[in-house]
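Read through the structure below, which is laid out as C-alpha cells, and then see the notes.
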Amino acid sequence: MTVESTAPRKPRRSAGTKSTAGKRTTARKSPHAEPELVQLLTPEGERVENAEYDKYVAGITPEELRGLYRDMVLTRRFDAEATSLQRQGELGLWASLLGQEAAQIGSGRALRDDDYVFPTYREHGVAWCRGVDPTNLLGMFRGVNNGGWDPNGNNFHLYTIVIGSQTLHATGYAMGIAKDGADSAVIAYFGDGASSQGDVAESFTFSAVYNAPVVFFCQNNQWAISEPTEKQTRVPLYQRAQGFGFPGVRVDGNDVLASLAVTKWALERARSGEGPTLVEAYTYRMGAHTTSDDPTRYRGDEERLAWEAKDPILRLRRYLEASNHADEGFFAELEAESEALGRRVREAVRAMPDPDHFAMFENVYADGHALVDEERAQFAAYQASFADVEGA
Amino acid sequence: MAAEKMALAKAINESLRSALEADPKVLVMGEDVGKLGGVFRVTDGLQKDFGESRVIDTPLAESGIVGTAIGLALRGYRPVVEIQFDGFVFPAYDQIVTQLAKMHARSLGKVKLPVVVRIPYGGGIGAVEHHSESPEALFAHVSGLKVVSPSNASDAYWMMQQAIQSDDPVIFFEPKRRYWDKAEVNTEAIPGPLHKARVVREGTDLTLAAYGPMVKLCQEVADAAAEEGKSLEVLDLRSVSPLDFDSIQTSVEKTRRLVVVHEAPVFFGSGAEIAARITERCFYHLEAPVLRVGGYHAPYPPARLEEEYLPGLDRVLDAVDRALAY
Ligand SMILES: Cc1ncc(C[n+]2csc(CCOP(=O)(O)OP(=O)(O)O)c2C)c(N)n1
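For the protein sequence lines, the chains are Y and R, in the order given.
Each residue of the first sequence is one higher than the one before, starting from 1 at the first, in this note's numbering.
Each residue of the second sequence is one higher than the one before, starting from 393 at the first, in this note's numbering.
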C-alpha cells in the first residue's frame, strides 16, 4: 500500500504510474486517477499492512471493530429513512451521506470528547459519533428550525450551508484552544467543491501562520452537485496543503480503519503543537447531491457501479466475517436495531411540531431590540384580529 | 419564434440563448450552469449548443466568479454570471461592491463593466436557510450598480436582453417562486426602457407598488379588493435602481394613497426609500402615509414559518384598509 503525503517525516513511496502522454487535446490531469492513498482494508475486506499508519489502529479490539460496523450500518439506516421521509413529504430536503459512512465514522471515532467539530450539512455520521440525537438533525430539513441543537452540548457545531465558511470558524476556535494552552483539537469538514472557496484558502493561511490545532477533513466525494473534482482543481487536493506549509494526506475514504488511523495521526499532530493537517478522504457520494438533485443529468451509472464495489460497509463486513470477529447473531441483532432506529426516526419526525409563529422574533438579538419588540407586537395584534373575526 | 407562451425560467433561457447567438462576446458562467443547466434549469441546453468556452462551469467560488467576470469584461467580454441562490452572493459581495460597482467611476469613465449578475431570490419555495432571501436593498444602496427584477416571463426575456446590452453592471434578481409561471413572450416586440415602471392594473383608490415576486400577489390583492368595491392600481416597478419615481408619482397623484410591497425586511428596505421620496414629491396629494408591507427585522425563518414572514394577501389587504381608513 502506498502513502503519499507532504509530511516531511514520511518516506515517499511509489509515485504512481499514470501518464498523460499522448493526450494532447485538453491535457487534463485528472485528480480522480491519482492512485496513491492510505488504505488498511481492501475492497475485498483484506487487511493490508501500512508502516506509517498501522500503529494508530494497532490495539483495536474486535468489539471496537464491530462498533465501527454498527455505527456505519445505523448511520446508513438513518440516512435511508430520512431520504424516504423526504419522499413522503415529511422533510423539505435531505442531503444524503450514502457512500461516505467510512470517512465520517472513521474520522468521527478518532475524536476525543473535548475536541470540537465544525461540520457542513452532510455530516450525519459524524454527528452520530458525537452523540447528537439523529432526530435533531432533521429539524432544519423539515423546515422547523435553522439548526436546533446546542453546539456546546456535544462539541458539534451547527450545520453550515454556505460553502466553506466553517473552516475559518474552526481555525479561529483552534487558535483559541492554542491560546488557552489546552490540548484538544478541532476538525473541520468540507467538500471538494468547497476547497475552491476563498474562505478555505484563508483558513489554510491562518491555521498555518498561527499553527492552529485544526484538522481539515475534506471529503472528496468526486462531485460538487454536477461538477466533478476536475472543475475545482488540477492537482490532487491533499497536495494543496504543501503550498500553505503543512502536510496533506489522501486516505481511502471508503476504508473506515484507514480513515480512523489517518485522522488519529492528524489529531495527534494538532495536540502536540505541530499545527494543521489536511486529510483528503477519497470517497464517493452514491446518491444525489440532495433530494432536489437529478444526477442522471451529469453522470453515468458505470461510475456508481465501480464505487459500489468499494462500498465501505460491505468491506468491513467481509473483514469481520473472514476474521471471525462477528457472527450471524451480531448481524441479526444489528438488523433489528437498525429497524428500530428507522422506526424511531420516522415517529419522531411525524411528531415534530411546527414552530410557534412567534419563534421568528426569538433570539434575533441576545440583548433585545426595540424594533423587533415593535414588530412582534404588531404581528400579535394582526394575528389577534383574525381571532376576533373567527370568534364573531 | 415571435410570440409564445413560456415559463419565466424558460424566457431567461431563451434570452440568454439569443444573446449568445447574437454576440460572441457574451458568456454564461456559474456553478452547475453547464450539463445540469443550473439548479433551476435556467441555463438548460446552453452548454450543449454553445460549448464549454461560452457556457462555463466555474469552481465553487463566488468571489472568483464575479472577480474573473470583471477581468473578462475588461478584456471585452460580456459575462452573465449566475449566483446559485441569494444567500450565496455574499462571498462575491466584496468584488461586486468594491470593484464591479466602482471601476467605471475610478477610471473616469474609461472602463466599462457590462457584467450581469443573475441571482434567483426570494422565498415561498420551502427551502432551507440562505435560499430565500431578498437582499436587493443591499445592492441598491451601492452606486454604480443597476438593480432590476422582472415579474413575468416577457419582462424576464426583455430585461435580460437589456441587462446584457447595458454597459453598466446589472444585478438581475430573478423571482424564483415565479420561475414556473407562464406568460406570452413576444421576442420581436420593442421593449420599453429597462428602468421604466409599468402600470399592470389601473385603479383609482390606492396604488400598490411592487416588483419581482410581489407583483403577482398585488394583482391578486387588487382582485380581492375589487370584490369589496375598491379600485386599486398596481405598479410593477421592474427596476429598484434606478427607481422610476415619476411613474409612482403620476399614479399617486391620481390615487392619493400608496402601499409598497416587497419580501425584503421593511427596515432600511426599498420601501423606505420610496416612502420618503414620494412623501417629498406628493406631500399635498397624499391622503394617508405611505405604508409598507414586507419582511420583519428577523432572519428569514425556517420553511414552516415563511408564510407568516412573507407578505401575503391578508397582510397586504390589511395595509390597504389601513391606508383607506385615513
Ligand atoms: C457559497 C455557496 N455557494 C453555493 C452553494 C450551493 N451549493 C450547496 S452544496 C454545493 C456543492 C458542494 O459541493 P462540495 O463542497 O463538494 O460538497 P458535497 O455537497 O459534495 O459534500 C453547492 C454549490 C452554497 N451552499 N454556498
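Positions of the beta carbon are idealized from the N, C-alpha and C atoms, including for glycine.
Under a Cβ-count criterion, where at least 16 other Cβ atoms within 10 Å of its own Cβ denotes burial, should Thr167(Y) be classed as buried or exposed? buried
Alpha-carbon to alpha-carbon, Ala212(Y) and Leu466(R): 39 Å
Locate the alpha helix (DSSP H) running through Leu530(R), then write down its first and last residues. Glu528 to Ala532
Report yes if the C-beta of Glu423(R) is less than 6 Å from at least one heavy atom of ligand 1; otherwise report no. yes
Top-ranked residue by Cα proximity to Met352(Y), from Val144(Y), Arg76(Y), Asn152(Y) and Leu98(Y): Val144(Y)
Does the CB of Gln197(Y) have a neighbour CB from chain R at under 7 Å? yes
Identify the contact partners of Asp478(R) in chain Y, using a Cβ-Cβ distance below 7 Å as the criterion. Those do not exist, as Asp478(R) stays about 12 Å from chain Y at its closest Cβ, beyond 7 Å.
Who are the neighbours of Gln232(Y) on chain R, taking C-beta pairs under 7 Å? Pro451 and Leu452
Our contact map puts Glu454(R) next to Pro483(R) with C-beta atoms below 8 Å; I'd like the distance itself, whole angstroms only. 4 Å
Ser541(R): which of Arg590(R), Ile582(R), Ala717(R) and Val685(R) sits nearest, CA to CA? Arg590(R)
One question on the structure: do Val508(R) and Phe432(R) come within less than 7 Å of each other, judged by their Cβ atoms? no
Does the count of Cβ pairs from the stretch 353-366 of chain Y and the stretch 671-678 of chain R closer than 8 Å reach three? no
Whole-Å CB distance - Leu111(Y) paired with Arg315(Y), under 8 Å assumed: With 8 Å as the limit, Leu111(Y) and Arg315(Y) do not qualify as a contact, their Cβ atoms being about 22 Å apart.
Endpoints, the alpha helix (DSSP H) within which Tyr319(Y) is located: Pro312 to Ala322
Since Ser455(R) meets chain Y, which of its residues come closer than 7 Å, beta carbon to beta carbon? Gly198
Do you know how far the Cα of Val364(Y) is from the Cα of Val372(Y)? 8 Å
Residue from Tyr688(R), Pro657(R) and Glu528(R) with nearest C-alpha to Pro634(R): Glu528(R)
Going by DSSP in three states, Ile60(Y) sits in which element: helix, strand or coil? coil
Can you give me the Cβ contacts of Gly153(Y) inside the same chain, cut-off strictly under 6 Å, excluding the 5 residues immediately before and after it? none
Nearest-angstrom Cβ-Cβ length linking Leu537(R) and Pro561(R), presumed shorter than 8 Å: 6 Å
So which residues of chain R does Gly45(Y) contact, with C-beta pairs closer than 9 Å? Ordered by position in chain R, no residue passes the 9 Å Cβ test against Gly45(Y), which lies about 35 Å from the chain.
Distance cut-off 6 Å: Pro483(R) Cβ against heavy atoms of ligand 1: yes
Cβ-based burial, Phe379(Y) [other Cβ within 10 Å; buried from 16]: buried
Could one say the Cβ of Ala529(R) lies closer than 7 Å to chain Y's Cβ atoms, at least one of them? no
Determine, using beta carbons only, whether Gly143(Y) comes closer than 7 Å to chain R. yes
So if DSSP puts Leu419(R) in a beta bridge, which residue, or which two residues, is it bridged to? Pro471(R)
Euclidean distance between Cα positions of Gln39(Y) and Ala288(Y): 26 Å
Could you tell me whether any non-hydrogen atom of ligand 1 is closer than 6 Å to the CB of Leu371(Y)? no
Where does Arg724(R) fall in DSSP's three states? As displayed, chain R neither begins before 393 nor continues past 718, which places residue 724(R) out of reach and without an answer.
Go to Thr277(Y), then tell me how far its beta strand (DSSP E) extends in each direction, as first and last residue. Thr277 to Tyr282
Quick one: which chain Y residues come within Cβ less than 9 Å of Phe564(R)? What Phe564(R) touches in chain Y: nothing, since even the nearest Cβ is about 21 Å away.
So what's Ala465(R) in DSSP terms, helix, strand or just coil? helix
Flag Leu747(R) as yes when its Cβ comes closer than 6 Å to any non-hydrogen atom of ligand 1, and as no otherwise. Outside the displayed span of chain R (393 to 718) sits residue 747(R), for which this structure offers no information.
When you measure from the CB of Arg240(Y) to every non-hydrogen atom of ligand 1, does any distance come out below 6 Å? no
Reference Leu438(R), options Thr460(R), Glu413(R), Tyr485(R) and Ser558(R), closest by Cα: Glu413(R)
Which of the three DSSP states is assigned to Trp223(Y) in this structure? strand
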